[in-house]
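**Q** Going by my numbering, the sequence shown opens with residue 33, and the numbers climb by one from there. The structure that follows is given in the form of structure tokens.
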Amino acid sequence: MTQPLDLHSFPITHKWPARHPERLQLYSLPTPNGVKVSIMLEETGLPYEPHLVDFGKNDQMSPEFLSLNPNNKIPAIIDPNGPGGKPLALFESGAILLYLADKTGQLVPKDEAARYETIQWLMFQMGGIGPMFGQLGFFHKFAGKDYEDKRPRDRYVAESKRLLAVLDQRLQGRNWLMGDQYTIADIATFPWVRNLVGFYEAGDLVGFSEFANVKRSLDAFVARPAVARGLGIPARG
Ligand SMILES: N[C@@H](CCC(=O)N[C@@H](CS)C(=O)NCC(=O)O)C(=O)O
Numbered sequence: 033m034t035q036p037l038d039l040h041s042f043p044i045t046h047k048w049p050a051r052h053p054e055r056l057q058l059y060s061l062p063t064p065n066g067v068k069v070s071i072m073l074e075e076t077g078l079p080y081e082p083h084l085v086d087f088g089k090n091d092q093m094s095p096e097f098l099s100l101n102p103n104n105k106i107p108a109i110i111d112p113n114g115p116g117g118k119p120l121a122l123f124e125s126g127a128i129l130l131y132l133a134d135k136t137g138q139l140v141p142k143d144e145a146a147r148y149e150t151i152q153w154l155m156f157q158m159g160g161i162g163p164m165f166g167q168l169g170f171f172h173k174f175a176g177k178d179y180e181d182k183r184p185r186d187r188y189v190a191e192s193k194r195l196l197a198v199l200d201q202r203l204q205g206r207n208w209l210m211g212d213q214y215t216i217a218d219i220a221t222f223p224w225v226r227n228l229v230g231f232y233e234a235g236d237l238v239g240f241s242e243f244a245n246v247k248r249s250l251d252a253f254v255a256r257p258a259v260a261r262g263l264g265i266p267a268r269g
């Protein structure tokens, strides 16, 4: 039997108190990296308590937040019932997705080879899609759009197009990155694709209409009820 849990030893809980300390604690904001974890939690049905990390208030730089993630980025979690029944604190969305998949036995294939292939596509998102699309957003939509020299923007446009072509080819004849099985690789990838064409308004810039397989999977992704819920969690204050 697990003992009643005291999360007080985690300073982050002093700023964001746990009303339900027996539930998994999520510290996040509905950004493309943040929603990966809320969507995963909604898909698995694990009970959790979301806490809003407000960038408008620089919450991610607070000592309490940094005590959990010294890299000052959401998402981060504490699972009060981690390995060995002990609390586990984690940051980096890819690590969190993998942890939750293993904990619940959901959204990652049981077959060992297929599991590594899923992790490969998860890493492709973490190391490629996320950072490159993020830079494209900076140079196209945010502060970088005023830079006279367009070469940095063009570099990230070209790299984003290349990555979309890789995704499109992978999705040819497959519903999801791992075929018929919807996995953490999809949960990592499609919030970023959605963000690129939505919030970043970069669809025309990257020629998104050329990537029909990506568009088809993106539509299927956003149609999932757990995705629709997860995209709004934690609610912005
Ligand atoms: N590799 C990290 C990236 C996380 C990340 O970039 N989070 C952004 C929001 S999408 C953030 O917290 N930015 C706040 C800051 O840099 O101050 C992950 O996947 O968890």
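Note that CB positions come from ideal geometry on N, CA and C, so glycine has one too.
In the DSSP assignment, the alpha helix (DSSP H) including P82 goes from what residue to what residue?
**A** Where P82 is concerned, there is no enclosing alpha helix (DSSP H), although the beta strand (DSSP E) around it starts and stops at Y80 to L84.
**Q** Leaving out five residues on either side along the sequence, give the residues of the same chain with a beta carbon under 8 Å from the beta carbon of Y232.
**A** Cβ neighbours of Y232 beyond the five flanking positions: F165, L168, G169, H172 and K173.
**Q** Could you tell me whether the Cβ atoms of W208 and D218 are closer together than 8 Å?
**A** Judged by beta-carbon spacing, D218 lies within the 8 Å limit of W208, meaning their Cβ atoms are closer than that value.
**Q** Run the proximity test for N104: is its beta-carbon closer than 7 Å to any non-hydrogen atom belonging to ligand 1?
**A** Yes, ligand 1 has a heavy atom inside 7 Å of this Cβ.
**Q** Confirm the yes/no value for this check: CB of F87, any heavy atom of ligand 1, distance under 7 Å.
**A** Indeed, a heavy atom of ligand 1 lies less than 7 Å from the Cβ.
**Q** Which residues in the same chain as P64 place their Cβ atom closer than 6 Å to its Cβ, once the five residues preceding and following it in sequence are excluded?
**A** Closer than 6 Å at the Cβ level, and outside the excluded window around P64, lie P223, W224 and N227.
**Q** Do S249 and L196 have their C-beta atoms closer together than 8 Å?
**A** no
**Q** Whole angstroms are fine: how far does the CA of H40 sit from the CA of N113?
**A** 14 Å
**Q** What do you get for M93, buried or exposed, if any count of 16 or more other CB atoms within 10 angstroms of its CB means buried?
**A** Its Cβ having fewer than 16 others within 10 Å, M93 is exposed.
**Q** Reducing DSSP to helix, strand and coil, say where Y232 ends up.
**A** coil
**Q** Starting from I106 and walking both ways along the beta strand (DSSP E), at which residues does that stretch end?
**A** Premise fails: I106 is in no beta strand (DSSP E) and is neither H nor E.
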